[in-house]
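Q:
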Amino acid sequence: MERIGLFCLLLGGSVHMISSETLHVRQKEGNIAVLHCGRLTNGKVTWSRDTNGQRVDILTTHNGQTTKHIADPDRRYGSRKDLVLIIYGVSQSDAGRYDCSRATVELSVTSGKVLQNFLITVAVSCLVAVALVLYLWRCFYKRKAAYIVSQNQDGLYDSTENTIPTTQPARTKEPIYYLATDPGAQITDKQSAYEAIYPLKEQSTPREQVELLYVHIKKPKK
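Using the numbering used here, the first residue of the sequence shown is number 29, and each one after it goes up by one.
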């Protein structure tokens, strides 16, 4: 009798443990959450939820037949032959404790905005990094271009200085003037009007030049 009592006590404890089994399900906001009723896959179960300290029945499923106990205009709740509770498009308001005949399920809903914010942060960081790289490259390119221009100018100045002549350029021909009274006579800066009218012989001595001038003075002009 004692062994039978002990066996019944252990069996009762096992049943209590099974009935108080708690499962944890985590799902992202907007996805489909599937809640299993422990290891029970056949029979008849009723899914309920604790809302503000009160138990509210959601639906009862039996051999694939589902009977809903709450208004569900959006058809967000459903079930299958394996007695699971299906919630479509879960939101933060769906998080909480759900009970069936043999188990308790804790549903946690993670916000999809967390991933969205993370992706936005990564995208913004990448854009900032690219903008910084482009800015640095532009600054480097400008400095390089300015350096090349300065080097070319220095080379131009050097070549110009090297090509400047050290000697004075040759003077152009002396200007030539014409007499109004004798257009055929040409006068330069080194000649007098008389020398232009009565040119002297080349390589003549001073005496010959004087005699020639005397002859021109004495000889009347026709």
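C-beta: ideal position from N, C-alpha, C; glycine also.
With burial defined as no fewer than 16 other Cβ atoms inside 10 Å of the residue's Cβ, what is the status of residue 76: buried or exposed?
A: It is buried - the Cβ of residue 76 has at least 16 other Cβ atoms within 10 Å.
Q: List the DSSP bridge partners of residue 124.
A: Residue 124 is bridged to 135.
Q: Cα separation between residue 108 and residue 115?
A: Approximately 12 Å between the Cα atoms of the pair.
Q: Give the DSSP-derived three-state secondary structure of residue 76 in the structure shown.
A: The answer is strand: DSSP assigns residue 76 an E or B state.
Q: Out of curiosity, what's the CA-to-CA distance linking residue 138 and residue 166?
A: Cα to Cα, the separation comes out at about 44 Å.
Q: Using CA atoms only, rank isn't needed, just tell me which of 88, 118, 112 and 93 is closest to residue 102.
A: Of 88, 118, 112 and 93, the residue nearest in Cα terms is 118.
Q: Excluding the five sequence neighbours on either side, which residues of its own chain have a C-beta within less than 7 Å of the C-beta of residue 87, listed in chain order?
A: Result list for residue 87: 75, 94, 95, 96, 97, 105 and 107, in chain order.
Q: Grouping DSSP H, G and I as helix and E and B as strand, with all else coil, what is residue 99?
A: DSSP places residue 99 in coil when its eight states are reduced to three.
Q: Can you tell me where the beta strand (DSSP E) with residue 84 in it begins and where it stops?
A: Taken as a continuous stretch (DSSP letters only), the beta strand (DSSP E) holding residue 84 covers 82 to 90.
Q: Hey, would you say residue 135 sits closer than 9 Å to residue 123, going by beta carbons?
A: A contact, by the Cβ cut-off of 9 Å.
Q: Which of helix, strand or coil does DSSP assign to residue 62?
A: Three-state DSSP puts residue 62 in a strand.
Q: Nearer than 8 Å: is that true of the beta carbon of residue 123 relative to any heavy atom of the ligand NAD?
A: Ligands displayed in this structure: none; no statement on the ligand NAD is therefore possible.
Q: Which term fits residue 50, buried or exposed, when burial requires 16 or more other beta carbons within 10 angstroms of its beta carbon?
A: Flag for residue 50 reads exposed.
Q: Buried or exposed for residue 235, please, with buried defined as at least 16 other CB atoms from any protein chain shown within 10 angstroms of its CB.
A: Exposed, because fewer than 16 other Cβ atoms sit within 10 Å of the Cβ of residue 235.
Q: Using CA coordinates, which residue listed in 180, 169 and 78 is at the minimum distance from residue 121?
A: It is 78.
Q: Pick from 148, 85 and 69: whose alpha carbon is nearest that of residue 92?
A: Ranking 148, 85 and 69 by Cα distance to residue 92 puts 69 first.
Q: On a CA-only basis, which of 173, 89 and 174 is nearest residue 113? Give me that one, please.
A: That would be 89, whose Cα lies nearest to the Cα of residue 113.
Q: Which of the three DSSP states, helix, strand or coil, is assigned to residue 107?
A: The answer is strand: DSSP assigns residue 107 an E or B state.
Q: Along the beta strand (DSSP E) that carries residue 113, what are the first and last residues, could you check?
A: Taken as a continuous stretch (DSSP letters only), the beta strand (DSSP E) holding residue 113 covers 113 to 115.
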